[in-house]
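Presented below is the structure to which this report refers.
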Amino acid sequence: MQAIEAALTRIARRHQIAKAFQGVAAGILFACGLVLLSECVHKLAPVPTVPPGLYAAMLLLCAAAGGLRQAMKRPNLGQVANWVDQELNLQERLSAACEMSARGAANEWKSLVIRDAAVHASTLNPQALVPFRPPRTLPWIALASGLALALAFVPPIRSAAFRQKEQDTKVIAETAKRFLEVTRKQIEQRHPALETTEKAINEALEFGQRLSEARLTRGEAIKDLASLTQKLDQEAQHLADRPGVRSLEQAARSSTPASGKGATDLQQRMQALKEALGAAEGKDKLLAKLKQDLEAVQKMAEKLPGAGSPEAAAARENLAKALENAAREAAEAGIPLEGLDEAVAALKNAQTDFFLRDIQGALSSLDKLQQLAQSLQQLRQEQAKEAKTLPDQLKMGQAQAAKQRLEEMIRKLRSGPLSAPERQEMIDELQKSIAPAEQYEKLPEPLKKALQRAGSGQPKDQEGAAQHLAEAAKELDRLQQELADSDQIAGVADLLRDAQEAIAAGRGFNEGKNESRRARAGQGGKPGRGVGTWAQDARFEAPESSEGWDNSGITQQTLDPRSVESEDAPEKNPNLAPTRVKGKMSPGGSMPSITLKGVHIKGQSAVRFTEAAATAQAEAQKALNQDKVPRAYQDSVKTYFDDFK
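When the letters of the sequence shown are read in order and numbered with our numbering, they come out as residues 2 to 646.
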């Protein structure tokens, strides 16, 4: 009986494995059907697509579930014996033997049946009875997977409105992400000094986070952005309208270009240019002479006779002497010229093309050195215009320089008793500083107290004067921080405005657009049309050479116009006289009627002139930022609206 049970057990195990394979195939077919159904739904209905990773996980899960389900169904030996009897037509020999072996009593008939069944069981072949064949579901699996793969390349059926909505959602999310990155980077560069500023910027960051997570429509996002932008603009305007902050900004705008940078930064820029010039510093005449000599050598090389002519050798000898003289002068002065040694070698090898190329490289090096020297000269001129005394610094809005001057006075007062001339000089300087300090809120009070204490010359009074001067320096620092906070809030508002424009236009977020909106006076230095109060955004190490502009018709009290001509400005065309505007413009009054050909517009307006000017300035800035103004006129528009107060 043991031989019968062993044979039936082998058949049962193989049958179980075959069923498990069929279960795996059924699970794969079920998963392919789900994938096909999901793809069909996605192509026909606006539902999110399923990631491929989820499809793969579902396929593995269904295959494992199908295989385990079939593997758990283990048949007993009686069922296997009945199945083998039916397959091999054994006339129930194996099933009868299994049934009789379960009975307790043993007899001759039972032994005979079991021996007969054992003989047939020894001839059983499990591989032949239960062969491993490909599952019947394999063609259906191939069909379902092929259809699902083909559907993956079919574009979904979507309406134009739905596609636009999806695009808007994507643009909003990307814009919010870029806004958060840029704003956080600005906060890392400078942390807000005032609590109100920090609160306003944090509110903008929280809104950007909500915007990146919430699925808002384009209209809702633009509306929320406009509301927050208006709130930040009001906060920035509130800070900028403080009397001291406004006075500091206006004084800085009307002062020289160097005033906005401060003496320390100006010195750093000059030091950087000196390091770039090296031994060429202060040798402008030598640079001009070297350039003239190299240009002469270049012209001689271009007119060299042919190699076979008798004049060629003499011309090359003269050319070599001129080039050697220029190289010797540059070497003695310690001025490195790129390509000069290569030019000498090319001339010796009669390689005219390479010689001209290397000479051009040396000329380019000279041009760069001359540009650096010109920039250094401009910075020296700006440094000469820097105010040296506290009254002039306060008058010109040089808050950082004024703060440094106050710190110098404090150190002098605390270093020991002052001599009579030093004390009188400090008293005169403080006395002259009170009048220009009146525009800076609380600044005059500590200056007056310091003036009273500095006159006695007693150590105790000197220390008291130093403390009052420290209060004045602290007040200046507070005004600077408020001005910087106002700029920072306005910068975040500009970023929100750029985000609003990006979402409205359905394009990428460009944070660089707003850099020129809050440009402060006096950060430039590049010659241009106007009086020089508009700041250039770029910081230069080797600035490009720029042609001068004719500023004959532009004047300002505190600045001299830069002009290449001394002629008077040409008279205006009389045909451009405003003959179509009727009435007079006055603050608070009605706007004049405007008559055009085919159009007649009349109306009343009580808009104040200052608000109209601010609106015009904002529109001009927007036009500049969107490159609607031709480049040739951008500096003129910038200068005009910079002084449009």
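Glycine included, every Cβ here is placed at the ideal spot set by N, Cα and C. Bear in mind the structure is a predicted one, so any value in this text is a computation, not a measurement.
Three-state class that DSSP yields for residue i in the structure shown
| i | result |
| --- | --- |
| His192 | coil |
| Asn1 | The displayed coordinates of the chain run from 2 to 646. Any statement about residue 1 would go beyond what the structure contains. |
| Leu419 | coil |
| Gly283 | coil |
| Gln440 | coil |
| Ala471 | helix |
| Met271 | helix |
| Thr679 | Since the displayed the chain opens at 2 and closes at 646, residue 679 lies outside it and no answer follows. |
| Ala46 | coil |
| Ile336 | coil |
| Ile18 | helix |
| Gln352 | coil |
| Arg508 | coil |
| Gln399 | coil |
| Asn126 | coil |
| Thr390 | coil |
| Gln459 | coil |
| Phe133 | coil |
| Pro52 | coil |
| Asp359 | helix |
| Met410 | helix |
| Pro76 | coil |
| Arg243 | coil |
| Lys322 | helix |
| Thr138 | coil |
| Lys304 | coil |
Residue j beta carbon less than 8 Å from that of residue i
| i | j | result |
| --- | --- | --- |
| Leu181 | Val493 | no |
| Ala194 | Asp486 | yes |
| Leu367 | Lys286 | no |
| Thr176 | Ile504 | yes |
| Leu152 | Lys44 | yes |
| Ala26 | Ile142 | yes |
| Met59 | Leu35 | yes |
| Thr230 | Leu497 | yes |
| Leu30 | Thr138 | yes |
| Ala297 | Ala315 | no |
| Leu341 | Ala321 | no |
| Ala334 | Leu407 | no |
| Lys275 | Leu377 | yes |
| Val85 | Leu78 | no |
| Arg247 | Phe510 | no |
| Leu288 | Gln371 | yes |
| Gly28 | Ala64 | yes |
| Arg243 | Glu483 | yes |
| Ile411 | Leu480 | no |
| Pro22 | Pro127 | The identity of residue 22 in the sequence shown is Phe, whereas the question assumes Pro. Not closer than 8 Å, so no. |
| Ile336 | Ala277 | no |
Sequence-distant residues of its chain with Cβ nearer than 7 Å to residue i (five each side left out)
| i | result |
| --- | --- |
| Arg270 | Leu380 |
| Ala466 | Leu414, Ala451, Arg454, Ala455 |
| Ser434 | Leu391, Pro392, Leu395, Leu448 |
| Val48 | Val42 |
| Ile428 | Leu452, Ala455, Gly456 |
| Leu217 | Ile173 |
| Ala506 | none |
| Ile18 | none |
6 Å Cβ shell around residue i - same chain, five flanking residues per side excluded
| i | result |
| --- | --- |
| Gly279 | none |
| Ala174 | Ser213 |
| Gly24 | Gly67, Gly68, Arg70, Gln71 |
| Thr50 | His43 |
| Glu236 | Ala201, Ile490 |
| His16 | Val131 |
| Phe154 | none |
| Leu338 | Ala331, Ala363, Ser366 |
Own chain residues within Cβ distance below 8 Å of residue i, not counting five before or after
| i | result |
| --- | --- |
| Ala227 | Gln501 |
| Lys290 | Glu330 |
| Phe356 | Ala302, Ala344, Ala347, Leu348 |
| Lys389 | none |
| Leu477 | Ala400, Ala403, Lys404, Leu407, Tyr441, Leu444 |
| Glu325 | Val345 |
Cβ-heavy atom distance, residue i to the ligand NAP, below 7 Å
| i | result |
| --- | --- |
| Ala297 | With respect to small molecules bound, the structure shown includes none, and the ligand NAP cannot be examined in it. |
Item to check | In chain order, each beta strand (DSSP E) run of at least 3 residues that lies wholly inside the segment 141-168 | outcome: none
Item to check | alpha helix (DSSP H) runs contained entirely in the segment 171-232, provided each spans 4 or more residues | outcome: For the alpha helix (DSSP H) assignment, the uninterrupted runs of no fewer than 4 residues enclosed by the segment 171-232 are, from N- to C-terminal side, 196-214.
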